[in-house]
Amino acid sequence: MENPIEMTSNLTAIRIKEYLSKDKRFDGRMPENFRDIIIETGISKNAEGSARVKLGNTEVLVGVKMNVSTPYPDSPNKGNLMVTAELLPLSSPRFENGPPKFPAIELGRVIDRGIRESKFIELEKLCIKEGEKVWTVFIDIYSINDDGNLLDAAGIGAIAALKNAKIPKYDEKEDKVLFGELSDESIPVKKELPISITAHKIGKNLIIDPTRDEEDISETRVTICSSDGEISSMQKGDSESLSIEEMNNILDLIEKTERVVFKKIEKSLK
Amino acid sequence: MTNFKRPDGRKVDELRPMKAKVGVVPNADGSAMFQFGDTIAIAAVYGPKKMHPQHMQDPEKGTLRCTYNMLSFSVTDRIRPGPSRRSTEISKITGWALEPALMIDKYANMVVDVHINILQANASTRCAGINAAAMALAHAGIPMKDMVSSVSIGKLDKQLVVDVNKKEEDWEEGEGATDIPITFTNNGELTHLQLDGKITTKQLKEAIELARKSCKEIYEVQKEALKKVAE
Numbered sequence: 252m253e254n255p256i257e258m259t260s261n262l263t264a265i266r267i268k269e270y271l272s273k274d275k276r277f278d279g280r281m282p283e284n285f286r287d288i289i290i291e292t293g294i295s296k297n298a299e300g301s302a303r304v305k306l307g308n309t310e311v312l313v314g315v316k317m318n319v320s321t322p323y324p325d326s327p328n329k330g331n332l333m334v335t336a337e338l339l340p341l342s343s344p345r346f347e348n349g350p351p352k353f354p355a356i357e358l359g360r361v362i363d364r365g366i367r368e369s370k371f372i373e374l375e376k377l378c379i380k381e382g383e384k385v386w387t388v389f390i391d392i393y394s395i396n397d398d399g400n401l402l403d404a405a406g407i408g409a410i411a412a413l414k415n416a417k418i419p420k421y422d423e424k425e426d427k428v429l430f431g432e433l434s435d436e437s438i439p440v441k442k443e444l445p446i447s448i449t450a451h452k453i454g455k456n457l458i459i460d461p462t463r464d465e466e467d468i469s470e471t472r473v474t475i476c477s478s479d480g481e482i483s484s485m486q487k488g489d490s491e492s493l494s495i496e497e498m499n500n501i502l503d504l505i506e507k508t509e510r511v512v513f514k515k516i517e518k519s520l521k
Numbered sequence: 002m003t004n005f006k007r008p009d010g011r012k013v014d015e016l017r018p019m020k021a022k023v024g025v026v027p028n029a030d031g032s033a034m035f036q037f038g039d040t041i042a043i044a045a046v047y048g049p050k051k052m053h054p055q056h057m058q059d060p061e062k063g064t065l066r067c068t069y070n071m072l073s074f075s076v077t078d079r080i081r082p083g084p085s086r087r088s089t090e091i092s093k094i095t096g097w098a099l100e101p102a103l104m105i106d107k108y109a110n111m112v113v114d115v116h117i118n119i120l121q122a123n124a125s126t127r128c129a130g131i132n133a134a135a136m137a138l139a140h141a142g143i144p145m146k147d148m149v150s151s152v153s154i155g156k157l158d159k160q161l162v163v164d165v166n167k168k169e170e171d172w173e174e175g176e177g178a179t180d181i182p183i184t185f186t187n188n189g190e191l192t193h194l195q196l197d198g199k200i201t202t203k204q205l206k207e208a209i210e211l212a213r214k215s216c217k218e219i220y221e222v223q224k225e226a227l228k229k230v231a232e
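Quick mapping for you: the protein sequence lines, in order, are chains V and R.
Here this note's numbering is used: the first residue of the first sequence is 252, the next is one more, and so on.
Here this note's numbering is used: the first residue of the second sequence is 2, the next is one more, and so on.
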């Protein structure tokens, strides 16, 4: 079948690599530079919390909803967390309708683990009655425009939406969540933000926050979620191998970038 | 007109504040946002492009394919992501509402995809979606005979009102609520009409007239937003 989707052309790929060999990129950034981060919170009134994140032309919306449900047997005193991501056909000619495909599933899972493993949400404080009733936090991620690095944008959106969220009112006697009526109580979260940053390998070069074209020709990527220098989850994606030296360089690069991105997020959330 | 009190204090023929913006999705061939008060819809158009799968190609004319989707957090009770029976029907209805205004006959074997997403819902989401989609189609340069505008007319007890919000949709007093989403071309052709509730023929005729009047107001807002990108 003919491929109707415009992939990055070989010529563009060659030019990107030529530029990178001189530490340059099409948009004037250095390889380790992140685009400006624009965060808007409270963008959907019916969500418990929500955020819009823009990295250049990349845009995601993230919403937090909550409900009361039974805890999992292995964590009877902890709230539940569920993260889903949808790559909307609206956001790119490459995304199609239908059941979630691998990129959307991976995106949701990588963000889920970043938040879960960093223990950003204090899930034990979301227990209503041990073994019976706990809050479930749903984080739903939607792409609005894909110009590369939806992954890191989604991670930032998830943090912003969680920090923006208020727990709905709950009628304990009637065992009913009063949807649409929010309490003053925020979701208990830690001060340190779990920030997901992805490094991409193109030829011998490493870059951060790729545009769509750059992401297309990325040979392999590593996403690291860390808060305050402490790594809590990782994912190496795509099949190209890495030497130990390259891996070490990625770790250093992401550690450096995390501090920069943290400042950008703090600034944008204020 | 009457002393009827609407929950948000609007006059019976008063639309909620509208906002429209064109070009909200840079990747798309055309895109737009349309807002009635707290109801926000965005639409993106891709195409005309070759229809896949091939067996769905129409060798005689182009195909319009609409998808309506509500974001899980657009409503107070979270919606499970993915299509539902409701969204499937609204997708089809939206296509029917728009198609009479399009001239896509010459795009044989091709498809124009319209993706509508509701970011925030406070009733009348399908109307906001149709309004955004019509603007996105125009922005994409799809040949059109006319613009399309959509509004929901409500009958609350015995009173007709325009642009129903959630509180009005849930009206229980007297005869309750009747919801009548209606779509017109700017020329005054009716392209979509649905009704849930109870109404006499006489009052339905009035409702259609009322919708026609409101659609003209909506058209002005759509036109202004489209003019802005043309400049």
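Glycine included, each C-beta is placed from N, C-alpha and C at the ideal position.
When the beta-carbon positions are compared, ASP158 (chain R) and GLY175 (chain R) come within less than 7 Å of each other. Looking at the DSSP output, CYS476 (chain V) shares a beta bridge with V:SER447, V:SER484.
Taking 7 Å as the cut-off, the Cβ atoms of GLY488 (chain V) and ARG510 (chain V) do not count as close. Below the 7 Å Cβ cutoff, chain R contributes no neighbours of GLY399 (chain V), its closest Cβ being approximately 11 Å away. DSSP, read as helix, strand or coil, puts SER342 (chain V) in helix.
Nearest to GLU517 (chain V) by C-alpha distance, out of V:GLY365, V:GLU357, V:LYS352, V:ILE446, is V:ILE446. The C-beta of ALA21 (chain R) has 16 or more other C-beta atoms within 10 Å across all chains shown, which makes the residue buried. Apart from sequence neighbours up to five positions away, the residues of its chain that approach ASN500 (chain V) with a beta-carbon distance below 7 Å are LEU457, ordered along the chain. Counting only the Cα atoms, MET104 (chain R) lies some 45 Å from ASN415 (chain V). Setting aside the 5 residues that flank it on each side, LYS452 (chain V) is surrounded in the same chain by GLU470, THR471, each with a C-beta closer than 6 Å to its C-beta; the list follows chain order. Annotation for GLY330 (chain V): LEU374, LEU377, CYS378, VAL385, TRP386, THR387, VAL388 place their beta carbon closer than 7 Å to its own, counting only its chain and skipping 5 residues before and after. When CB distances to chain R are screened at a threshold of 8 Å, the residues of the region 375-396 of chain V falling below it are PHE389, ASP391, TYR393, ILE395, ASN396, in chain order. For THR179 (chain R), not one C-beta of chain V is nearer than 7 Å to its own C-beta. In this structure, ASN118 (chain R) lies near ASN70 (chain R), with their beta-carbon atoms less than 7 Å apart.
For PHE35 (chain R), the beta-bridge partners assigned by DSSP are R:ALA21, R:ALA42. The beta carbons of GLY63 (chain R) and PRO54 (chain R) sit no closer together than 7 Å.
Put simply, of R:ARG81, R:MET52, R:GLU61 the residue whose alpha carbon is nearest the alpha carbon of LYS316 (chain V) is R:ARG81.
Residues of the region 404-430 of chain V with a Cβ closer than 7 Å to any Cβ of chain R, in chain order: PHE430.
Minimum Cα-Cα distance from ASP39 (chain R) among the listed residues V:ASN284, V:SER295, V:ILE289, V:GLU466 corresponds to V:SER295.
In the three-state reduction of the DSSP assignment, HIS140 (chain R) falls in the helix class, which pools H, G and I.
Exclusion of the five residues before and after ARG303 (chain V) leaves GLU291, ILE294, LEU312 as the residues of its chain whose Cβ lies within less than 6 Å of its Cβ. Leaving aside the five residues that flank GLU207 (chain R) on each side, the residues in its chain whose CB is nearer than 8 Å to its CB run, in chain order, LEU161. VAL25, VAL26, PRO27, ASN28, ALA29, ASP30, SER32, ASP39, ILE41: these are the residues of the region 14-42 of chain R whose beta carbon lies less than 9 Å from some beta carbon of chain V, given in chain order. Taking C-beta atoms as the reference points, GLU423 (chain V) and SER478 (chain V) fail to come closer than 7 Å. Per the DSSP secondary-structure output, ILE288 (chain V) pairs in a beta bridge with V:LEU306. Rounded to whole angstroms, the Cβ separation of ALA33 (chain R) and MET136 (chain R) is 4 Å, and the two are in contact under 8 Å. Below 8 Å, enough C-beta pairs join the region 328-344 of chain V and the region 392-410 of chain V to call them touching: three or more. The Cβ-Cβ distance between ASN348 (chain V) and PRO340 (chain V) falls below 7 Å. The residues PRO419, LYS420, TYR421, ASP422, in chain order, have a CB closer than 8 Å to that of LEU429 (chain V) in the same chain once the five nearest residues on each side in sequence are set aside. When C-beta distances to chain V are compared with 9 Å, every residue of the region 198-210 of chain R stays at or above that value. Annotation: the continuous alpha helix (DSSP H) that includes ASN261 (chain V) extends over 261-272.
Look at the region 332-363 of chain V: the residues with a C-beta under 7 Å from a C-beta of chain R are THR335, GLU337, LEU339, PRO340, LEU341, SER342, SER343, PRO344, ASN348. For ASP164 (chain R), the closest Cβ of chain V is not nearer than 7 Å. LEU402 (chain V) counts as buried, since no fewer than 16 other beta carbons sit within 10 angstroms of its beta carbon.
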